[in-house]
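Enquirer: The structure under discussion is supplied below as structure tokens; questions concerning it will follow.
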Amino acid sequence: MRAIFLLYAAAAMITYVVAGDGRSAVQLVIVATPLVTFAYALASRRLPHQRPWLISVGGLLLLLLGQLTWPGWLDGHIGQAESSPAELTLSASHGLFLLGTAAALRRRLAADASGLLDAALLGLCAGGPLWVWGVQPHLPSNASPLGLLLLMIDIFAISGVIGCLIRMGAARGPGRDSIVYLLFTAVLTLAALVTGRPEPLLMAFLTIAAAPLQRDAGAVTEPLPSSGAPVAGRLTLIWLALALSVNPLLSAVQIMRGTSTASLMLPVGTLLVIPLVLLRFHRLAVQREEAERTLAHQASHDELTGLRNRRHVMAALDRALAGGSGVSVLLCDLDGFKPINDRYGHLVGDEALKVVAARLTAVTRPGDVVGRLGGDEFLVICDGVAPDDLAARIRETLRLPMALSAGVVSIGVTVGSASAPAGSSDLDREALVAEADAAMYAGKSARAA
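As structure tokens, this is what we get:
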């Protein structure tokens, strides 16, 4: 299909070049082409998450309306700031394209809330130089204020679209073929606005028409997992510094070149960039806090079960003993776990350990500490020196059958307990755990006998 479409696109552009007086009809066919391909892709369910694509279809419909109402608007009127109805339609369509691309970016990078901020910053940073060096020198003397405003909206909107697409493509994942076509569309549109030529815009219609036909088009709006990249790397900080300095640098260049007319784009762009950079720094701070919380959790919790790990449990036991109040420990060793692991595999064994962890958490009190020492050994720390009732509840709840992916299984548990009365100073952590360990093995020996 790609080869067929490329042949069609080449034929369309060649026909436009040689059409002469029939160019308006060729323009109409080219403008309508993406609506046909989008309708086909949406109807064939190639695009499962349709909202961003439907927003873009709205922009394409506006462009088709403009072509039907003002057939000659593409020839000699692009980027002229004439404040014509066609320019109003063009700006509205570009706004819809920006909304659709932003919706796709927000869904694709749902795990990274900074994506939209980066895209907006990139759009603003690109819009200033484009306006000062690409658009402003070629503006006609009779450009109207409304026309200038609409053209400025076009530049900012398409620059924002490019920012969104670059941010989407930078995240590794499927859908990049369609993103490349969409990026070419935005770049060609900017080229048309800067040069005032219709050919780049017509090519943009053909490239956007190809985007939904790619095999990976549906993946453009599929959420990607978090990349796990550093929260605030050097490149991020350099990028934010450039975002803050680009417009002042442009002003300095204008002064050195002796430019007599100042551009409104530069102060407006700076006023827009500053709050975005501040928001981006806020996001960096939030991401760093989240990363620190995640690392702290990983350092103190067992990765498989989510219970406290050995280091955290032993530190909690040290604190309880140092407090001088009565404390008890219950060492739990599963019975019958190894046959389940050997018969069904480690994945099913991991399921069983997760069920055990959940049941231990449910049967203990909120102030108790439940941890996994390793393998099929668990340790419970509780206040007081009467752990027998808790040990009985643990045996009872773990004896219940477990519904796992491989079927229903049953395991048992041997619990050994030890207590340190309030004010006792002759028991340390190692001695208390060793006493519970001895009681647990005595229970296993008694059961075997």
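Our numbering puts the first residue of the sequence shown at 142, with every later residue one more than the last.
Glycine included, each C-beta is placed from N, C-alpha and C at the ideal position.
If contact is defined by three or more beta carbon pairs under 8 angstroms, each pair taking one atom from either stretch, is the stretch 203-214 in contact with the stretch 270-287?
Expert: Cβ pair count under 8 angstroms is below three, so no.
Enquirer: Here's the rule I'm using: 16 or more other beta-carbon atoms within 10 Å means buried, otherwise exposed. How should Gly515 be labelled?
Expert: What you label residue 515 is simply residue 374 of the sequence shown in a count that begins at 1. With fewer than 16 Cβ atoms within 10 Å of its Cβ, Gly515 is classed as exposed.
Enquirer: For the 8 angstroms Cβ check, are there 3 or more pairs between the stretch 171-188 and the stretch 337-349?
Expert: Contact between the stretch 171-188 and the stretch 337-349 is present, because at least three Cβ pairs lie under 8 angstroms.
Enquirer: Just curious, the alpha helix (DSSP H) that Ser232 is in, first and last residue?
Expert: Working through the sequence shown from its first residue, we reach residue 232 at position 91. Per DSSP, Ser232 belongs to the alpha helix (DSSP H) from Pro226 to Arg249.
Enquirer: May I have a chain-ordered list of the beta strand (DSSP E) segments no shorter than 3 residues that lie completely inside the stretch 177-203?
Expert: Correct list: empty.
Enquirer: Under 8 angstroms: do the stretch 500-514 and the stretch 477-489 share three or more Cβ pairs, one atom per stretch?
Expert: Verdict: no, contact absent.
Enquirer: State the CB to CB distance for the pair Gly291 and Leu229, rounded to an integer number of angstroms; the pair is presumed to be in contact (CB under 8 angstroms).
Expert: Residue numbering aside, residue 291 sits at position 150 when the sequence shown is read from its first letter. Residue numbering aside, residue 229 sits at position 88 when the sequence shown is read from its first letter. Checking the sequence shown, residue 291 turns out to be Leu, not Gly. Indeed they touch by this definition, with Cβ atoms about 6 angstroms apart.
Enquirer: Could you give the distance in angstroms between the alpha-carbon of Ala352 and the alpha-carbon of Ala358?
Expert: Walking along the sequence shown from the start, residue 352 turns up at place 211. Walking along the sequence shown from the start, residue 358 turns up at place 217. Those two C-alpha atoms are separated by around 7 angstroms.
Enquirer: If you follow the alpha helix (DSSP H) that Gly508 is part of, which residue opens it and which one closes it?
Expert: Here residue 508 is taken as the residue at index 367 of the sequence shown, counted from 1. Per DSSP, Gly508 belongs to no alpha helix (DSSP H) and is neither H nor E.
Enquirer: Just reading off the alpha helix (DSSP H) that Asp295 is part of, what are its end residues?
Expert: Within the sequence shown, residue 295 is the residue found at index 154, counting from 1. That run of the alpha helix (DSSP H) goes Pro286 to Ala311.
Enquirer: Give every residue of the same chain whose Cβ lies closer than 8 angstroms to the Cβ of Arg452, excluding the five residues on either side of it in the sequence, and list them in chain order.
Expert: The residue given as residue 452 occupies position 311 in the sequence shown. Within the same chain, Arg452 has close Cβ partners Ala440 and Ser441.
Enquirer: Should Gly553 be labelled buried (16 or more other beta-carbon atoms within 10 Å of its own) or exposed?
Expert: Translated into positions along the sequence shown, residue 553 becomes position 412. With fewer than 16 Cβ atoms within 10 Å of its Cβ, Gly553 is classed as exposed.
Enquirer: Thinking just about the alpha-carbon of each residue, which of Gly310, Asp459 and Phe297 is nearest to the one in Tyr322?
Expert: The residue labelled residue 322 in the question sits at position 181 within the sequence shown. Checked all of Gly310, Asp459 and Phe297; the closest Cα to Tyr322 is Gly310.
Enquirer: Are there three or more Cβ pairs, one per stretch, closer than 8 angstroms when the stretch 312-326 is compared with the stretch 235-254?
Expert: Enough Cβ pairs lie closer than 8 angstroms, so yes.
Enquirer: Give, in chain order, every unbroken run of the alpha helix (DSSP H) that is at least 4 residues long and sits entirely within the stretch 373-450.
Expert: Taking only runs of at least 4 residues, the alpha helix (DSSP H) segments lying wholly in the stretch 373-450 are 375-398 and 406-441.
Enquirer: In angstroms, rounded to a whole number, what distance separates the CA positions of Val574 and Thr435?
Expert: Translated into the one-based positions of the sequence shown, residue 574 becomes position 433. Translated into the one-based positions of the sequence shown, residue 435 becomes position 294. Straight-line Cα distance between these residues: approximately 29 angstroms.
Enquirer: Quick one: residues in its chain with C-beta nearer than 6 angstroms to the C-beta of Val503, no 5 flanking neighbours on either side, listed in chain order?
Expert: Position 362 of the sequence shown holds residue 503. The residue you asked about is not Val; residue 503 is Ala in the sequence shown. Taken in chain order, the list of residues that qualify is empty.
Enquirer: In whole angstroms, give me the CA-to-CA distance for Val497 and Ala533.
Expert: Residue 497 sits at position 356 when you count from the first residue of the sequence shown. Residue 533 sits at position 392 when you count from the first residue of the sequence shown. If you take the alpha carbons of Val497 and Ala533, they lie about 15 angstroms apart.
Enquirer: Return the CA-CA distance between Pro371 and Ser255, expressed in angstroms with no decimal places.
Expert: The sequence position of residue 371 within the sequence shown is 230, counting from 1. The sequence position of residue 255 within the sequence shown is 114, counting from 1. Bear in mind that the predicted position of Pro371 carries a pLDDT of just 43, short of 50, making it unreliable; the figure below should be weighed with that in mind. Spanning the two alpha carbons is a distance of roughly 13 angstroms.
Enquirer: Which value, in whole angstroms, describes the spacing of the CA atoms of Ala382 and Gln277?
Expert: Translated into the one-based positions of the sequence shown, residue 382 becomes position 241. Translated into the one-based positions of the sequence shown, residue 277 becomes position 136. In a straight line, the C-alpha of Ala382 is about 26 angstroms away from that of Gln277.
Enquirer: Phe297 and Gly264: beta carbons closer than 8 angstroms?
Expert: Taking the first residue of the sequence shown as 1, we reach residue 297 at position 156. Taking the first residue of the sequence shown as 1, we reach residue 264 at position 123. Yes, Cβ-Cβ distance for Phe297 and Gly264 is below 8 angstroms.
Enquirer: So, is Val177 buried or exposed, given that buried needs 16 or more other C-beta atoms within 10 angstroms?
Expert: By one-based count along the sequence shown, residue 177 stands at place 36. That one is exposed.
Enquirer: Between the alpha carbons of Phe146 and Leu250, how many angstroms are there, rounded?
Expert: Residue mapping note: residue 146 aligns to position 5 of the sequence shown, counting from 1. Residue mapping note: residue 250 aligns to position 109 of the sequence shown, counting from 1. Distance between the alpha carbons of Phe146 and Leu250 is about 30 angstroms.
Enquirer: How would you label Gly369, buried or exposed, when you count the other beta carbons within 10 angstroms and need 16 or more for buried?
Expert: Residue 369 sits at position 228 when you count from the first residue of the sequence shown. With a pLDDT of only 43 at Gly369, under 50, the local geometry of the prediction cannot be trusted, and the value read off the model is given with reservation. Exposed, because fewer than 16 other Cβ atoms sit within 10 Å of the Cβ of Gly369.
Enquirer: Look at Leu258 and Arg398 and say whether their C-beta atoms are less than 8 angstroms apart.
Expert: Counted from its first residue, the sequence shown places residue 258 at position 117. Counted from its first residue, the sequence shown places residue 398 at position 257. No, the Cβ-Cβ distance between Leu258 and Arg398 is not below 8 angstroms.
Enquirer: So who's on the other strand from Met610, going by DSSP bridges?
Expert: Examination of residue 610 is not possible in this model, given that the chain is present from 142 through 590 alone.
Enquirer: By the 10 Å Cβ neighbour count, where 16 or more other Cβ atoms means buried, how is Gly163 classified, buried or exposed?
Expert: Within the sequence shown, residue 163 is the residue found at index 22, counting from 1. Flag for Gly163 reads exposed.
Enquirer: Please report how far the alpha carbon of Leu231 lies from the alpha carbon of Leu204, in whole angstroms.
Expert: By one-based count along the sequence shown, residue 231 stands at place 90. By one-based count along the sequence shown, residue 204 stands at place 63. Whole-angstrom Cα-Cα distance: 6 angstroms.
Enquirer: What are the boundary residues of the alpha helix (DSSP H) that includes Val335?
Expert: Working through the sequence shown from its first residue, we reach residue 335 at position 194. Here the alpha helix (DSSP H) through Val335 covers Arg317 to Thr336.
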